[in-house]
Amino acid sequence: MTSPSDPEQDQTQEQTDSEEEQEQSSEVEAPKRRRRTARATAKSSASATTKPHPRLLDMYRNEITSTMMTEFNYGNTMRVPRIQKIVLNIGLGEALTNGRAMEAATRDLTVISGQKPVSTRARKSIANFKLREGNPIGTTVTLRGDRMYHFLDGLINTALPRIRDFRGLPRRGFDGRGNFSLGIREQLIFPEIDYNDIDRIRGLQVTMATTAMNDSEAIRLLELFGMPFIKQS
14 MTSPSDPEQD
24 QTQEQTDSEE
34 EQEQSSEVEA
44 PKRRRRTARA
54 TAKSSASATT
64 KPHPRLLDMY
74 RNEITSTMMT
84 EFNYGNTMRV
94 PRIQKIVLNI
104 GLGEALTNGR
114 AMEAATRDLT
124 VISGQKPVST
134 RARKSIANFK
144 LREGNPIGTT
154 VTLRGDRMYH
164 FLDGLINTAL
174 PRIRDFRGLP
184 RRGFDGRGNF
194 SLGIREQLIF
204 PEIDYNDIDR
214 IRGLQVTMAT
224 TAMNDSEAIR
234 LLELFGMPFI
244 KQS
């Protein structure tokens with residue numbers, strides 16, 4: 014005669030089986046994540062070591078500077094505006110519920126920029142959003158020098174033209190102090206991103222900080238670099 018099963022024992026066995034399945038799933042996923050991270054690091058390292066002297070830097074020195082001096086009557090070349098830095102940022106509200114989102118976004122930004130980003134964290138707690146001070150809410154990277162010019166070149170001549178039905182950038186992205194920001198809906202416009210390596214479609218913010226005193230100078234500076242703004246009627 015078969016003895017009746019113990020419900021408590023059955024529940025314990027089911028919990029054990031579930032934990033074993035989760036561990037096995039984690040063991041399978043972990044190598045995949047490591048391989049994706051390794052590929053991202055390899056891509057960024059390769060891009061950092063093999064890229065030539067920035068073409069746009071030579072353009073600025075040899076062409077843009079003289080054009081700006083003529084058009085704006087600057088007294089000397091030191092007054093000609095320049096790009097100081099380019100900041101890339103990915104906001105991650107999903108990081109509060111998806112622990113892997115930060116890792117994936119950091120990997121994408123590393124590949125795009127060729128430089129390792131840093132996490133941005135909440136400055137204060139917001140109970141309604143279950144947000145605590147110090148929680149990671151995004152990832153950002155600041156580009157200067159050669160990396161900045163290489164990124165700008167790729168953005169203007171490769172990434173932006175890959176946007177579907179692209180008709181130019183609106184000028185409303187200027188802040189009145191010579192800085193320009195644009196939002197990009199999909200990281201896939203950057204050829205460095207492999208579709209098979211991403212976990213989901215993500216957008217990012219690109220901000221260009223210049224030394225221009227006003228928007229008209231900044232617009233002309235970026236136009237001369239080749240930034241495709243929508244033509245004013």
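Numbering-wise, our numbering puts 52 at position 39 of the sequence shown, and it's gapless, one number per residue.
For each residue, glycine too, the CB sits at the ideal point set by N, CA and C.
Since the structure is predicted, the reported quantities are computational estimates derived from the model, not experimental observations.
Spatial distance of residue i from residue j (CA atoms)
i      : j      : result
Arg198 : Arg215 : 7 Å
Ser229 : Gly191 : 8 Å
Pro130 : Arg120 : 9 Å
Asp178 : Ile169 : 15 Å
Asp71  : Lys64  : 15 Å
Val93  : Glu76  : 12 Å
Ala114 : Arg213 : 9 Å
Met226 : Arg157 : 20 Å
Glu236 : Met82  : 15 Å
Phe242 : Phe193 : 11 Å
Ile232 : Arg184 : 8 Å
Phe187 : Met161 : 19 Å
Arg196 : Arg68  : The amino acid occupying residue 196 in the given sequence is Gly; Arg does not appear at that position. The alpha-carbon atoms of Gly196 and Arg68 are separated by roughly 25 Å.
Thr78  : Asn209 : 42 Å
Tyr73  : Arg95  : 8 Å
Ser132 : Ile125 : 16 Å
Gly88  : Gly167 : 32 Å
Arg175 : Thr90  : 35 Å
Asn86  : Thr80  : 10 Å
Asp159 : Leu234 : 18 Å
Lys244 : Gly189 : 19 Å
Minimum C-alpha distance to residue i - residue among the options
i      : options                           : result
Thr171 : Phe179, Pro204 and Leu195         : Pro204
Ala118 : Phe242, Gly151 and Gly181         : Gly151
Ile211 : Glu116, Asn227 and Ile96          : Glu116
Gly127 : Thr133, Ala114, Thr155 and Gly104 : Thr155
Met240 : Asp207, Asp188, Tyr87 and Gly181  : Gly181
Leu254 : Thr123, Asp159 and Thr153         : Because the chain spans 14 through 246 in this model, residue 254 falls outside it and cannot be assessed.
Thr123 : Leu234, Asp207, Gln245 and Lys244 : Asp207
His66  : His163, Gly167, Gly189 and Arg175 : His163
Simplified DSSP state of residue i, which is helix, strand or coil
i      : result
Leu156 : strand
Leu105 : coil
Thr224 : coil
Ile211 : coil
Gln218 : strand
Phe203 : coil
Val100 : strand
Val124 : helix
Gly151 : strand
Ile197 : strand
Phe238 : helix
Phe85  : helix
Phe179 : coil
Residue i beta carbon near the ligand GDP (any heavy atom closer than 8 Å)
i      : result
Thr220 : Because no ligand of any kind appears in the structure shown, any question about the ligand GDP cannot be addressed here.
Whole-Å CB distance - residue i paired with residue j, under 8 Å assumed
i      : j      : result
Phe238 : Leu173 : At roughly 12 Å, the Cβ-Cβ gap does not stay under 8 Å, so Phe238 and Leu173 are not in contact.
Leu201 : Ile103 : Not quite, the Cβ-Cβ distance comes to about 14 Å (not below 8 Å), so this is no contact.
is_contact[residue i, chain B] using C-beta, thresh 9 Å
i      : result
Met221 : As a matter of chain content, chain B is missing from the structure shown, which is built from one protein chain.
Can you find at least 3 beta carbon pairs, one from the stretch 92-103 and one from the stretch 218-229, that sit closer than 8 Å? yes
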